[in-house]
Amino acid sequence: AGIYPLRKEVPWNLMPPAAEDVAYQLDEAPEGCTTIPVGPFHPTLHEPCHFAVYVDGETIKGCDYRGFMTHRGIEKLCQTQVSYNEIPFIAERICGICGSVHATAYSQAVELAIGLKISRRAEYIRTIMLEIERVHSHLLWIGVAGHLIGFDTLFMQAWRVREQVMWFCEKLTGNRKTYGMIVIGGVRRDITPSHADELRGLLNNVEKETHQVYKAIVGDTAIHKRTKGVGTITKEETIKWSLVGPVARARGVNIDTRRDHPYAAYDEMEFSVPVVDTMDVWGTVLVRVLELLEAIKIIRQALDKMPTDGPLLTEVLEPIKPMQHAISAVEAPRGEAVHYIITGEENRPERWRVRAPTYPNLQGVPMMLLNNEFADLPIIIGSIDPCFSCTDRMTIVNVRSGEKKVMTKMQLEEISRKSR
Amino acid sequence: MWLTSKIKQAIYVLTKGTVTLPYPFSPHPAPDTFRGAPHWDHHKCVGCGGCADHCSARCILIRDVCQEVRIMLYEGSRCTYCGRCADVCPEKAITTTTQFELATDSKEDITERLELFMLTCQRCGRCFDMETKNLIDKMELKGFKYDNLEARALIPVITEHFDMKTYQKTESFSRPKKVGE
Amino acid sequence: MLKKLAQKAFPRSLWLYHCNSGACNGCDIEILNVLTPFYDVERFGIKLVASPRHADVMLISGAVTRPTLPLVKKAFEAMPSPKLVFAIGSCATGGGCWFDTYNVTGGADKVVPVNYYIPGCPPRPEAIIYGVALALGLVDKKVAPVEMKQMEFPVDMYKMNKAWEDRNVIYKLLD
Amino acid sequence: MDIAAIFINILVFLAFAPLFEGCVRKITAKIQSRQGPPVTQPYYDILKLLGKENLTKGNWGFTIAPMLALASILSAIAFLPVGNYVNALTEYADIITVIYLLTLGGVAVLLGALSSRNVYAGLGASREMITMMMVEPVLAITFIMGALKVQSLGVNVTITAILQNGYTWSAGLMVLVYLMALQAFVGRQPFDIAEAEVEILEGPFIEYSGPNLALFKYYLILKQMFYATVFVMVFIPVMKSGYYPVDILIQLACTSVVFVIIALLGSTNPRLRIDQAMRYYAVLIVLSLCAVGMSTFGI
C-alpha cells in the first residue's frame, strides 16, 4: 500500500487506511485439490494466522501461509516513543511464553553496544530465569501436543505439573509469566537463599513428575501411532531451511546457542544437548522432554555456583553514545532468538531488529506438511511450537527507486547462508 | 504393550486425585511480592512526573490545569503491571498492591485520578522548584543574593561558613548608583 | 415457559469461543490455564468450543490488529443472539503497550461491544475466573475509580520551603 | 399397556441419556484430576441451546436434518424391549428396520453437514460416512447372529437369543468384537474422528446453532445410550425379577457400568487418524464375520 512505517519520517501512530478489501493473494491450489482455510481463529493454533492447505482427499498436497496478523509495530514504537529502560518491558511482551528470552537478548545487545560489564551474580540470575522459563515452556508444549492429538489427560497432567513452577515465579518475580526481572545492566530482584531452597524443592518434584509422565508416554503405542513418521523432514532439508531449536535437534542437526556462543553464565555450566535423529514429531517430543531434564540440572548447578556478592544492577552513568552496533543471540525454548540494535540519540535506539525462532521454523512447515494426513496438521504445526507473535517479515525497500521487493524465502536463505 | 502403558497412566493419574481450588468461593490470595494494580499515595506524591516518564505502557497522563494544580491520571486499562513506576518514584508514593481481581464492566473503574497542589512562589506566582540548576540559584550558592527582582543587582553575602573578614567588608558596602558601576 | 427456563439455564452453561486478535499469547495460555485442573472452570459448565456458531461468550485477547479487525467483526456476527464479549488482558481492554502503533487499532471495544473487561498482563487465571464469576453474578465488583485531591494547603511543604529560603540571611546571624 | 410401554421406553431414554453423558464427563474430569462439571450439566447445555437464536442457512436440508436424526433414533429406541417387556411395536419390528433406522440417523447427519456448505462440514461428513459404513456391519452382525440361533428376524426374539441358547464360543468372540467397537459406535475419544474438536472444528455440526444444535446433541447422546443398552440386553445375563420397573432399573445400572468403561477408554487414548481407524474397523469386521461363520456350525 506504499507505506513504509519503519522510515524515520513516518510518525509512529499513523493509521493507514483499513485494508479490509485488499485480500492477500495466496497462490492458487494445484490441480485436483480443494483449499481448506485453516483460519485465523483455529482452536489448535491459539494465534491468528491463516494456512491455506491444499488437500486432495485426506492427504495434504501443499500449503500457503499468510501470517503476521500479530505484527504490532513494536520496533517502530521503541525507536520513537520509548527510551532504553522501558524497552525490556515491551520486549518481554513480544511473546507471552518466552518473555525473558527477548528481554535478555535486548539487554545483552545494549550492554555489548555500550561496553557495560554486568556483575557475575546478575548473569547467574539471568541464567536461572531463562532456564525456569525453558522448564515451564517445555511442560506447556508437552501439554499442548497432547491436546492436539486429542489426548487431553496428558494436557491436564502436564499443566498441573507446570502450575507449581508458575506459582514459584509469581512469588519470586511478582508475575506468573512476564517476569520483568531482566533490565539493562542486570536484574531487578534478588534470589534470596530462602527462594533458592524453595526452588530446589520445587525442582525435585517437577523432575519426579516429568519422569513419571515420560515413562507413561514413551511406551504408549497409541501416541506413537499419531506422532511417529509424521512431519518428516530430512537432515539436509533442515539445514537448507535453517530450522533452529528442538525442531532441528530432532532431525540430527546439533546446534544450540547456549553451547555454540555462550552468553550470561552458560560458560560455567556443563550440560549435554539432546540430539535425536528420528526426523519426525516424535523426535521433537523426545528432545523437549530431555531438554526439560537438562534445564533442571542447569538450574541446580547455577544455584550452587552463584556468587553471593556483587551488585544486582550496575548503573549506566554517562549518556549512551549514538551509532553503536551490537548483536546478541539467546537460546529460546523454541530456537534461537537474535536481537540486533543500533543505539541512537536522545536515549532511544536508532534501530532494533528482532528475529524470533519461529520465523525460520515456519518456512519449514510447508515442507513438513507434504503428503501427510489433514488430521496431522495440528500436531505438525504444533511441533514447531509456533509463536507467531514473535515473527516478522523481512521486506527490502531500496529507497532510491522506491520499488518494494519482498524477499522470497529462498533469497533470504542465500543471504544468511553466505554470511555463515 | 498398549495395555500396560494405559494401566501405568491410569495409576499415575488416579494417585494424584483432584486438585481443583474452590477459587471464587474461597480466596486464593497472590503472594505479597505480587505486582498488582499500582496505588498512588497523594500525601507523598509531589507531582514530579517521573512515573509518567518511565511508564512503558505510557498510561500515566499529567496535565497542568493552572500554576497551582497538576492533575495526574493513571489509565488502568492499558497498564501492563510491570511495577516500573513504583521503582522509579523518588518519594516512594506508588506501591504495587497485590490486588489482581480487577474484572469490571466499564473501563473507568480501574483509573486513579490525582489532583496535586503545586507549591508556587508568593511573589511571582510561578512554580517554585527547590532545584539548584538555574543560574540564579547557582550564584546564590556562591554567596550572592539579589535583593529585588526588578534591579536584579547582586550583592555579596556571607555564606554558611561565617568569617569576620568578609563580615567587615559587607559593613562598608554601598549600593551601586548606576547599573554597571 | 421454555424461554424462561432457557434464560435460567444460560448462566449455568456458557460455551466460550476464543479469538486471539494479535495477542502475545500470554493471555491465550492463561485462558487455556483456566481449564486445567487447578482452576477448572468446567465446574461452572464452561466449555471451550471451536466454532462461533456454538458459542455464547466470545473471549477476545490481544489488541485488535488491522488484519484481524474484519475477522473479529465477522466472528462476532456469526454468534447466535444471547452473546457476551469478554476482553481478556490489557491488550484487549485498552490496547496494551502498543495501543497507538500503525498496525494496532487499540482495544477490543473499538471493534465489538464488550461486556466485561479483565485487565492484567497476563491476567492471573483467578482474575479470569473472577471476571466470569462477576458475569455469572456470583461475586461483586471490587474496583471503583479512585479520586484523590490534595487541595488543602501543604503546611509542611511551606515550612520546608521557608527554611530553604532564609538559610543565608544576614540579620539572623546577629541575634 | 403395550402402547404405554413404548412411551415409557422413550421417556426413560430421554431422561437418562443426558445423565449418563454427565457421568462420562465427570469421570473424564476425575481422571484428569479436576473437579469436572455437575452431573446434570448436559441438561443445562441442552436447555440453554434451546433458548438461543437459530441461525439457519435457509435451504430445507439444513432445517430437516436435525429433526430427521432425532426422529430416527427415537423410533429405533421405541422398538427396544427395555426391561424385557415386549411392547406393542416389538412384535411387528424386525432387526432390519432397527438397522435401517440407525443408518437413517447417520444419513441425516450427512444431509445436515453437506447442506451447510462449509468446507469443514464436508470433511466431517466424509469421515462420518466412512465410520458409518465400516462400523454399522458389526452391529448388524450381532443381530444376525442372534437371528441365526433362533431362525427368526423378530426383534424381541433375536435380542434375547444368545442368552436363551447359552454362551457359545462364537458369542464370546462377538462380545469381544462388540466391546472393541463400542468406542466407535458411541463416537468417543479414540474414534470421535467425525467431530474432532481440534482438527475440523466440530465436524458436521459446525454450522448449527441454538435449537438445531440441541437436537443434534440429543441425537448423539441418545445414540450413545442406545448402543450401551443394546450391549447390556444382548450379552449380559441379568436376572429377571419379572416386575417391569425393577427390570428397567437393573438394566440402567448395567448401562451405567458400560458407560464407566467408555469414559475410562475415552480419556486415556489419543484420537486416531481416519486411515488408522479404517484398518482397525477392517479387523473388527473380519472377526465378526468369522464369529458368525462359527455360530452357523453351532460352535
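So the sequences go chain by chain: A, B, C and D.
According to the numbering used here, the residues represented by the first sequence are 348 to 767, in order.
According to the numbering used here, the residues represented by the second sequence are 57 to 237, in order.
According to the numbering used here, the residues represented by the third sequence are 556 to 730, in order.
According to the numbering used here, the residues represented by the fourth sequence are -17 to 281, in order.
From the three backbone atoms N, C-alpha and C, an ideal C-beta is built for every residue, glycine too.
Kindly say whether K27(B), judged by its beta-carbon, lies nearer than 8 Å to any beta-carbon of chain D.
-> In the structure as shown, chain B begins at 57 and stops at 237. Residue 27(B) is therefore absent and cannot be evaluated.
D297(A) versus chain B: which residues are under 9 Å apart at the beta carbon?
-> Lying outside 348 to 767, the shown extent of chain A, residue 297(A) is not represented and no answer is given.
Any beta-carbon of chain A closer than 8 Å to the one on T113(D)?
-> Residue contact with chain A for T113(D): absent (no Cβ-Cβ distance below 8 Å to any residue of chain A).
Cβ shell of L640(A) (< 7 Å), same chain only, five flanking positions each side left out | Counting only Cβ-Cβ distances below 7 Å, and skipping sequence neighbours, we find E554, T557.
Using the DSSP secondary-structure output, state which residues sit across from K697(C) in a beta bridge.
-> None, per the DSSP bridge assignment.
Mind listing which residues of the region 190 to 207 of chain D have their C-beta closer than 9 Å to chain C's C-betas, in chain order?
-> Under the 9 Å Cβ criterion, the region 190 to 207 of chain D contributes Y190, S191, G192, L195.
Minimum Cβ-Cβ distance from R507(A) to chain D less than 8 Å = Interface residue, yes.
Which bits of chain E does I489(A) rub up against, with CB to CB less than 8 Å?
-> You won't find chain E in this structure, because its protein chains are A, B, C and D.
Output yes if chain A places a C-beta closer than 8 Å to the C-beta of T250(D); else output no.
-> Cβ-Cβ to chain A under 8 Å: yes for T250(D).
Just list the alpha helix (DSSP H) runs in the region 92 to 129 of chain B, keeping only unbroken ones of 4 residues or longer that don't cross its boundaries, in chain order.
-> Annotation: the region 92 to 129 of chain B contains the following complete segments of the alpha helix (DSSP H) (minimum length 4 residues), in chain order: 106 to 110.
Give the residues of chain D in contact with R413(A), contact being defined as C-beta atoms less than 7 Å apart.
-> None at all; the shortest Cβ gap to chain D is about 17 Å.
Which first and last residues belong to the beta strand (DSSP E) in which D411(A) is found?
-> Annotation for D411(A): the continuous beta strand (DSSP E) segment containing it runs 406 to 413.
Presumed contact (8 Å Cβ cut-off) between N128(D) and A143(D), rounded CB distance | The sequence shown places Gly at residue 128(D), not Asn. That belief holds up - the Cβ atoms of G128(D) and A143(D) are roughly 4 Å apart, short of 8 Å.
DSSP-derived helix/strand/coil call for W570(C) = Three-state result, W570(C): strand.
Hey, does H609(C) have any beta-carbon neighbour from chain D nearer than 8 Å?
-> Taking CB atoms only, H609(C) has a neighbour in chain D less than 8 Å away.
Among P592(C), Y572(C), E702(C), L691(C), the one whose alpha carbon lies nearest that of P387(A) = If we check each option's Cα against that of P387(A), Y572(C) comes out closest.
When the distance is taken between beta carbons, is E697(A) closer than 8 Å to Q426(A)?
-> In this structure, the beta-carbon distance from Q426(A) to E697(A) falls below 8 Å.
Got a sec? Which residues, its chain only, sit under 8 Å from S294(D) by beta carbon, not counting five neighbours each side?
-> This structure does not reach residue 294(D), given that chain D is present from -17 up to 281, and the question cannot be answered.
Keeping to the same chain, check which residues put their C-beta closer than 6 Å to that of Q671(A); ignore five residues upstream and five downstream.
-> The residues are A460, T690.
Taking Cβ-Cβ distances shorter than 8 Å, what residues in chain A pair up with S133(B)?
-> Listed along chain A, no residue sits closer than 8 Å to S133(B) by beta-carbon distance, the nearest being about 16 Å off.
Residue ranges of each beta strand (DSSP E) run of no fewer than 3 residues wholly in the region 687 to 720 of chain A, ordered along the chain?
-> Taking only runs of at least 3 residues, the beta strand (DSSP E) segments lying wholly in the region 687 to 720 of chain A are 696 to 702.
Cβ separation of Y74(D) and V120(D), assumed to be a contact under 8 Å, to the nearest whole Å = Wrong, their Cβ atoms sit about 26 Å apart, outside the cutoff.
Provide the residue span of the beta strand (DSSP E) that contains M613(C), from first to last.
-> 612 to 616 is the span of the beta strand (DSSP E), which, as asked, contains M613(C).
Might you give, ordered along the chain, the residues of its own chain that have their beta carbon closer than 7 Å to the beta carbon of R253(D), omitting 5 neighbours on each side?
-> Cβ neighbours of R253(D) beyond the five flanking positions: Q171, P172, D174, I175, A178.
May I ask whether a heavy atom of the ligand MG can be found less than 7 Å away from the beta carbon of I59(D)?
-> In the structure on display, the ligand MG does not appear, and there are no ligands present to speak of.
Uninterrupted alpha helix (DSSP H) stretches inside the region 584 to 633 of chain A (no shorter than 4 residues) = Those alpha helix (DSSP H) runs which fall completely within the region 584 to 633 of chain A and span 4+ residues are 593 to 596, 604 to 607.
Cα-Cα separation, I586(C) to Y672(C) = Cα to Cα, the separation comes out at about 14 Å.
According to a CB-to-CB cut-off of less than 9 Å, which residues of the region 563 to 586 of chain C neighbour chain A?
-> Within the region 563 to 586 of chain C, the residues whose Cβ lies closer than 9 Å to some Cβ of chain A are Y572, H573, C574, N575, S576, G577, A578, C579, N580, G581, C582, D583, I584, E585, I586, listed in chain order.
Tell me where the beta strand (DSSP E) around H571(A) begins and ends.
-> Per DSSP, H571(A) belongs to no beta strand (DSSP E); it is in the alpha helix (DSSP H), 568 to 574.
Spatially closest choice to Y79(B) from G692(C), M634(C), M703(C), P680(C), by CA coordinates | If we check each option's Cα against that of Y79(B), P680(C) comes out closest.
What residues in the region 101 to 123 of chain B bring their beta carbon closer than 9 Å to a beta carbon of chain A?
-> For the region 101 to 123 of chain B, the set of residues with a beta-carbon nearer than 9 Å to any beta-carbon of chain A comprises D109, H110, C111, S112, A113, R114, in chain order.
Okay, do the region -14 to -5 of chain D and the region 59 to 69 of chain D touch, 3+ Cβ pairs below 8 Å being the bar?
-> Inter-segment contact for the region -14 to -5 of chain D and the region 59 to 69 of chain D is present: three or more beta-carbon pairs are separated by less than 8 Å.
Give a yes or no on whether the minimum CB-CB distance between R679(C) and chain A is below 8 Å.
-> For R679(C), the answer is yes, since a Cβ of chain A falls inside 8 Å of its Cβ.
Going along the chain, which residues of its own chain have a beta-carbon closer than 6 Å to the beta-carbon of A209(B), five neighbours each way excluded?
-> Below a pLDDT of 50, predicted positions are generally treated as unreliable, and A209(B), at 42, falls in that range; no measurement from the model is reported.
Taking buried to mean at least 16 other C-beta atoms within 10 Å of its own C-beta, is S82(B) buried or exposed?
-> S82(B) should be labelled exposed.
From which residue to which residue does the alpha helix (DSSP H) around A450(A) run?
-> Note, A450(A): alpha helix (DSSP H), 446 to 461.
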